[in-house]
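Chemist:
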Amino acid sequence: MQYRRIKLRFRRRLRKGQQRVENISSQAEKHIDIHLFERFGSLTKVRRDIFSWLILMILIIGLLVAQNISLSGYYQTVKTAPGGIYREGVLGSFTNANPMFATSAADTTVAKLIFSGLMTFNGEGKLVGNLAKELKIDEKGATYTVTLKDNLKWHDGVPITSADVAYTYKTIQNPDTESPFQNSWRDITVTTPDQKTVVFTLANPLASFKYYLTNGIVPQHVLGSIAPADLRSSDFNTLHPIGSGPFKFKAITIKGEKKETAKEQIGLVPFAGYALGEPQIDEFIVNVFASEEELLNSFKDKQLNGMYGVDAIPKNIETSKSVIVNSLPLKAATMIFFKTTSSGPLSNTKIRNALTQATNNKQVVASLGYPSRAVNAPFLVGQVGYDAGSLQLGFNPENAKAILEAEGWKTGKNGIRYKDGKPLSIVISSADSPEYSNVLKTVKKQWKKVGVDMQSRLESQADFQSTIAYHSYDAVLYGITIGADPDVYVYWDSSQADIRSSNRLNLSEYKSPSADTSLESGRTRMVSNVRAAKYKPFLKAWQQDSPAIALYQPRLLYPTNGPIGNLPTASLNSAVDRLSNVQEWQVRQARVTNE
0 MQYRRIKLRF RRRLRKGQQR VENISSQAEK HIDIHLFERF GSLTKVRRDI FSWLILMILI
60 IGLLVAQNIS LSGYYQTVKT APGGIYREGV LGSFTNANPM FATSAADTTV AKLIFSGLMT
120 FNGEGKLVGN LAKELKIDEK GATYTVTLKD NLKWHDGVPI TSADVAYTYK TIQNPDTESP
180 FQNSWRDITV TTPDQKTVVF TLANPLASFK YYLTNGIVPQ HVLGSIAPAD LRSSDFNTLH
240 PIGSGPFKFK AITIKGEKKE TAKEQIGLVP FAGYALGEPQ IDEFIVNVFA SEEELLNSFK
300 DKQLNGMYGV DAIPKNIETS KSVIVNSLPL KAATMIFFKT TSSGPLSNTK IRNALTQATN
360 NKQVVASLGY PSRAVNAPFL VGQVGYDAGS LQLGFNPENA KAILEAEGWK TGKNGIRYKD
420 GKPLSIVISS ADSPEYSNVL KTVKKQWKKV GVDMQSRLES QADFQSTIAY HSYDAVLYGI
480 TIGADPDVYV YWDSSQADIR SSNRLNLSEY KSPSADTSLE SGRTRMVSNV RAAKYKPFLK
540 AWQQDSPAIA LYQPRLLYPT NGPIGNLPTA SLNSAVDRLS NVQEWQVRQA RVTNE
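In my numbering, the protein residues as written are 0 to 594.
(1) According to the Cβ coordinates, are V164 and V197 closer than 7 Å?
(2) CB A141 to CB P98, shorter than 7 Å?
(3) From this set, K409, L476, S465, which residue's C-alpha is nearest N437's C-alpha?
(4) Just checking my contact of T107 with V575 at CB under 8 Å: how many whole Å lie between their CB atoms?
(5) To the nearest angstrom, how far is the alpha carbon of N173 from that of L201?
(6) In its own chain, which residues sit with a C-beta less than 7 Å from the C-beta of R595, not counting the 5 before and 5 after it?
(7) With a threshold of 8 Å, are at least 3 pairs of Cβ atoms found where one atom belongs to the stretch 337 to 356 and the other to the stretch 395 to 408?
(8) Let me know the secondary structure DSSP gives Q391 once reduced to three states.
(9) Determine which residues share a DSSP beta bridge with E133 and list them.
(10) Sorted by chain position, which residues of the same chain lie with C-beta nearer than 8 Å to S545's C-beta, five sequence neighbours on each side aside?
(11) Per the contact definition of three or more C-beta pairs closer than 8 Å, is the stretch 561 to 574 in contact with the stretch 120 to 131?
(12) Do R587 and G88 have their beta-carbon atoms positioned less than 7 Å apart in this structure?
(13) For R522, count the other beta carbons within 10 Å of its own beta carbon; 16 or more makes it buried, fewer makes it exposed. Which is it?
(14) When we look at the beta-carbon of I57 and count the other beta-carbons within 10 Å, is it buried (16 or more) or exposed?
(15) Here's a check: name, in chain order, each residue in its chain whose Cβ is nearer than 8 Å to the Cβ of T466, leaving out the five neighbours to either side.
(16) For the 8 Å Cβ check, are there 3 or more pairs between the stretch 480 to 495 and the stretch 373 to 391?
(17) What does the alpha-carbon distance come out to for the pair L222 and H239?
(18) Which of the three DSSP states is assigned to N95 in this structure?
(19) Taking just the CA atoms, how far does A101 sit from K169?
(20) Helix, strand or coil for G308, going by three-state DSSP, please let me know.
(21) I want to see whether chain B comes within less than 7 Å of Q588, judged by CB atoms only; does it?
(22) Can you tell me which of the three DSSP states F199 falls into?
(23) K418 and G411 - do their beta-carbons sit closer together than 7 Å?
(24) Have a look at P396 and T358 and give me their C-alpha separation to the nearest angstrom.
(25) Roughly how many angstroms separate the alpha carbons of A540 and W184, rounded to a whole number?
(26) Have a look at I253 and D186 and give me their C-alpha separation to the nearest angstrom.
(27) Candidates A131, G482, L90, E583: which alpha carbon is nearest L151's?
(28) Classify W446: buried if its beta carbon has 16 or more other beta carbons within 10 angstroms, exposed otherwise.
(29) Among Y385, P422, P344, D137, which residue has its Cα nearest to the Cα of L538?
(30) How about the stretch 508 to 516 and the stretch 526 to 538: do they share at least three Cβ pairs that are nearer than 8 Å?
(31) Given T333, which residues of its chain have a CB within under 6 Å of its CB, disregarding the five upstream and five downstream residues?
(32) If you draw a straight line from the C-alpha of A483 to the C-alpha of L90, how long is it?
(33) Mind reading off the beta-carbon distance from S579 to F120? Whole number of angstroms is fine, and I expect it under 8 Å.
(34) Following the continuous alpha helix (DSSP H) through F537, name the residue where it begins and the one where it ends.
(35) Starting from D452, trace the beta strand (DSSP E) in both directions and tell me its first and last residue.
(36) Under the assumption that Q582 contacts E277 (Cβ atoms under 8 Å), give the Cβ distance between them as a whole number of angstroms.
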């Protein structure tokens, strides 16, 4: 009985719960119907307004984006910035990065990047301290005292001291080392009073000596145990160089099996401890090409940022929108050197005078295809010793004809002059390049007008270097480096014509007692106006004797794919000085907000 009551009570409660659920469900349906379905009609009525607002918002956002892009050109500029990899192509072959031996284009490039000297040139061409904190010169110009900067380190972290500097120059002086720079350091004493001081004592004063201190310094703790005679063959020079320059050696790879098409890659990374500041480039890769064609193709394909070593750029590369042709003037002079000791007509001063007056170097400059300046003296304009009143004999073809006539050279039916049945024929040797070829064509036309038959002998680089070394020519077209200091002693002093001299750079084999005295006296004077006065007899003798014809100031052709930030702007003392401020270079491009 009790069980039945409980069962009935449970059923009544269950029915009441079901009824509540049904009531709630019914009310929910009514609410949905009232608040949603019955309002669909109203939603449909306003959908046009909603779509209109959406389209308007999209247009406004689009216009804002377009405006931002358009106006960014006014308040933002694409500029070079830190970071990125710089790839330079160089023509030649890499054999030795050691600055005690490096002379070729590739070797000096790598040496300049890895090693640093006591002094260097900045981007404006001024001589500044690199490892050197201070340079003092005594009144006589015979003692140079260098104080090193604080906390200098080699790439391996070892401190740099004055002992490293002394080791470098004493090793260069050692005949067993066979350094090509030995002659420049002869009769110079190097002492080290303490770890930060180096004293150079010269046998005679030398005004240009401070420029000698740009040569790279090498680490004694790495090379000191190697015999001087074995230094040239050390793997330090190619596989494990350690310097203190802007970049550290990373690796070297060789690509290509054939020698004529092989490419060497020398990878370098920034050195944070570089004395002039850490480079802004993340990596510098030197690509050395044996073939000019391969170099040009790699540059054309944008595998290189810049290239060095070509004398001319093909039109298909030069006209590319991305290519910037940087033409950097060199403190150098291209001349026609007459071998004054030859057995032919060039041994006659009068004939050399006539040829000089038959040459219009302004026309030669016009044939170059790039802006340049005519050179009219053994010094460059603006240098100590340059005298506008003591230039080479000026262009005067009529006077040239009169001189040749007076010397017995009579004009034949073909327009060429003859004497004793022999034509007045001059052969000029030069390296085979488009630039030199154009120069010689221009000179040939000029000389023909006065009755001189000029013949060109264009040679490969290898053959031409031999021709220069052995003076195997009657006349030669060649460019000489004059540099920041006009000490041209090695080019015109008679001692430098001797076959026993180390470099034999007196290409004219010019001998003049008055010129010798003047050159030797001028280079020892420290005061500019006194030095200039001492050079006057040399300039007078050079003008009267015409040992060479000065033509023009050459330039360094350095094309780049796109802009490179902070390239040097001043005249370079030599081609490798394009890298003098490499720590400031920038290659990566970024959008920067204008200030």
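Cβ coordinates follow ideal geometry from the N, Cα and C atoms, glycine included.
Modeler: Short version:
(1) V164 places its beta carbon less than 7 Å from that of V197.
(2) Not a contact, by the Cβ cut-off of 7 Å.
(3) Considering only alpha carbons, the answer is L476.
(4) Right, the Cβ-Cβ distance comes to about 4 Å (below 8 Å), so this counts as a contact.
(5) If I take the Cα positions, the gap works out to 17 Å.
(6) Any property of residue 595 remains undetermined from this structure, which presents the chain solely from 0 to 594.
(7) The stretch 337 to 356 is in contact with the stretch 395 to 408.
(8) Coil at Q391, not helix or strand.
(9) For E133, which the question treats as bridged, DSSP gives the partners T146.
(10) Close CB contacts of S545 within its chain, under the 8 Å cut and outside five residues either way in sequence, are with F337, T348, R351, N352, L354, T355, Q391, L392 (chain order).
(11) The stretch 120 to 131, when compared against the stretch 561 to 574, does touch it at the 8 Å Cβ threshold.
(12) Cβ atoms of G88 and R587: not closer than 7 Å.
(13) By the beta-carbon neighbour count (other beta carbons within 10 angstroms, threshold 16), R522 is buried.
(14) Answer is exposed; the Cβ neighbour count stays below 16.
(15) Result list for T466: S428, E458, Y472, V475, in chain order.
(16) Yes, they touch.
(17) Using only the alpha carbons, I get a separation of about 11 Å.
(18) Three-state result, N95: coil.
(19) About 17 Å.
(20) When DSSP states are grouped into helix, strand and coil, G308 belongs to the coil group.
(21) Although the question refers to chain B, the structure presented lacks it and comprises just one protein chain.
(22) Three-state result, F199: strand.
(23) Going by C-beta atoms, G411 is not nearer than 7 Å to K418.
(24) The straight-line gap from Cα to Cα measures roughly 8 Å.
(25) Rounded to the nearest whole angstrom, the CA to CA distance from A540 to W184 is 29 Å.
(26) Whole-angstrom Cα-Cα distance: 41 Å.
(27) Of A131, G482, L90, E583, the residue nearest in Cα terms is A131.
(28) W446 is buried by the Cβ-count criterion.
(29) Nearest option by C-alpha distance: Y385.
(30) Flag = yes, the stretch 508 to 516 and the stretch 526 to 538 touch.
(31) Closer than 6 Å at the Cβ level, and outside the excluded window around T333, lie G478, L550, Y551, P553.
(32) Near 26 Å, if we compare the C-alpha coordinates of L90 and A483.
(33) Sure, about 4 Å apart at Cβ, within 8 Å.
(34) Counted as a single uninterrupted DSSP element, the alpha helix (DSSP H) harbouring F537 occupies residues 527 to 544.
(35) From DSSP, the beta strand (DSSP E) with D452 extends over 452 to 458.
(36) Right, the Cβ-Cβ distance comes to about 7 Å (below 8 Å), so this counts as a contact.
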